[in-house]
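So this is what it looks like as structure tokens:
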């Protein structure tokens, strides 16, 4: 059914997602390609802080969730199942599990020489949302990047926290998407302090209060702003990231400790951090797209260039096939465009239909091989989707290939 979410409507209309049941979606090849690009960008940022990638089980036992008190605290949002006589949950997060893993792996105690330690993963998470809506913005199964950090002292842990905040800001800057960093409560995760990252949008479900003078922001859970609400600007935001300084909350519970130089066991100082990968993608589409077509950050567009072939049997078709293949081969030779160029050769469809479809998909550049093929100096029409512009280039002109490369790099 129609949604007030532009991203949900366009993803469904383009068949990039297909509903499995309420709040659960299958992802089709173009969307998977975009998500892989997004995940690769995150991997690059994680390397910058020496974080190591792990893959943790999606299932967690009731025992560790009961120890932290979150089996009951999560309530009906926790999706549970029985494996034999043992109860498990489909993990919405992995604080308990990562602490248990480290306690087991290092025979109860880490050494101070092992720290700082930073472990992250990008995998599927589950949450039994009571009212999933707006497509990938609020669903029951989603892709998330979560990072867990372990340090010897609070000072070191806060330095790690700031380092992660910095790479989050670099990540969103690379997507060319403005985000608002807001002070936040710690909710069911817990900890001493936290921040949220929001993409501002009308369909956002979080109320954010921003100081017009300083740009400082808070979410509505912060009680320390009650006295100055009338001086703050209220906006709606889509939460796409969250950072938590946890202190020793989980490390004490699960005895995730390290040995100091004089062999004394001390609980690790922890932080946990999350980026909602599928939600980031949907939020980008939400704020960039038009009513008729998706618009992507260039870095994560499924394909950067679409070549539109003339209709089969038309007078341009014979010349068009050779011209399209020639341009395709040249563009594929650019390393930054390799595997990022696609040809729309849909049979029996007109150029008008293909151009309209290309607008829906939102390829950053669309090269239309149409009536210009019949001119004395053959040319193609280049459509820049965001912002919307149209230019003509001679097919044999180096400027055409150079322009496309520079625009898409």
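In the working numbering, the protein residues as written are 643 to 1051. Glycine included, C-beta positions come from ideal geometry on N, C-alpha and C.
As assigned by DSSP and simplified to three states, the class of residue i
i: residue 769; result: coil
i: residue 807; result: helix
i: residue 783; result: strand
i: residue 643; result: Any answer about residue 643 is weak, because its pLDDT of 49 lies below 50 and its placement is not dependable; what the coordinates show is given next. Note: residue 643 maps to coil in three-state DSSP.
i: residue 750; result: coil
i: residue 696; result: coil
i: residue 729; result: strand
i: residue 791; result: strand
i: residue 724; result: strand
i: residue 814; result: helix
i: residue 650; result: helix
i: residue 940; result: helix
i: residue 836; result: strand
i: residue 757; result: coil
i: residue 802; result: helix
i: residue 858; result: coil
Terminal residues of the alpha helix (DSSP H) in which residue i lies
i: residue 880; result: No alpha helix (DSSP H) contains residue 880, which is instead part of the beta strand (DSSP E) from 875-889.
i: residue 705; result: 704-710
i: residue 906; result: Note, residue 906: premise wrong, no alpha helix (DSSP H); not H, not E.
i: residue 681; result: 671-690
Sub-9 Å separation of residue i and residue j beta-carbons
i: residue 846; j: residue 878; result: yes
i: residue 685; j: residue 736; result: no
i: residue 657; j: residue 931; result: no
i: residue 741; j: residue 912; result: yes
i: residue 951; j: residue 777; result: no
i: residue 1028; j: residue 938; result: yes
i: residue 815; j: residue 837; result: no
i: residue 733; j: residue 702; result: yes
i: residue 666; j: residue 783; result: yes
i: residue 793; j: residue 820; result: no
i: residue 852; j: residue 925; result: no
i: residue 760; j: residue 790; result: yes
i: residue 886; j: residue 839; result: no
The beta strand (DSSP E) enclosing residue i, as first and last residue numbers
i: residue 843; result: It is not in any beta strand (DSSP E) - residue 843 carries neither H nor E in the DSSP assignment.
i: residue 914; result: 911-918
i: residue 848; result: 848-852
i: residue 1023; result: 1021-1026
i: residue 901; result: 899-901
i: residue 664; result: Residue 664 -> no beta strand (DSSP E), and no H or E assigned at all.
i: residue 870; result: From DSSP, residue 870 is part of no beta strand (DSSP E); its letter is neither H nor E.
i: residue 825; result: 822-826
Short CB-CB distance (under 9 Å) between residue i and chain C
i: residue 694; result: Protein chains in the displayed structure number just one, and chain C is not present.
Quick one: which unbroken alpha helix (DSSP H) runs of 4-plus residues sit fully inside the stretch 942-1018? Chain order, please.
As far as the stretch 942-1018 is concerned, its whole alpha helix (DSSP H) runs of at least 4 residues are 959-974, 993-1003.
Three CB pairs or more closer than 8 Å across the stretch 951-971 and the stretch 892-911:
Segments in contact, no.
Take every Cβ of the stretch 891-903, pair it with every Cβ of the stretch 741-753, and state whether three or more of those distances are shorter than 8 Å.
Contact between the stretch 891-903 and the stretch 741-753 is present: 3 or more CB-CB pairs across the two stretches fall below 8 Å.
Does the stretch 886-900 come close enough to the stretch 940-951 to have 3 or more Cβ pairs within less than 8 Å?
For the pair of segments examined, the stretch 886-900 was found not to touch the stretch 940-951: the number of CB pairs separated by less than 8 Å stays below three.
Contact between the stretch 684-699 and the stretch 713-724 is defined here as three or more beta-carbon pairs at a separation below 8 Å; is this criterion met?
Judged by Cβ distances under 8 Å, the stretch 684-699 makes no contact with the stretch 713-724, as fewer than three pairs qualify.
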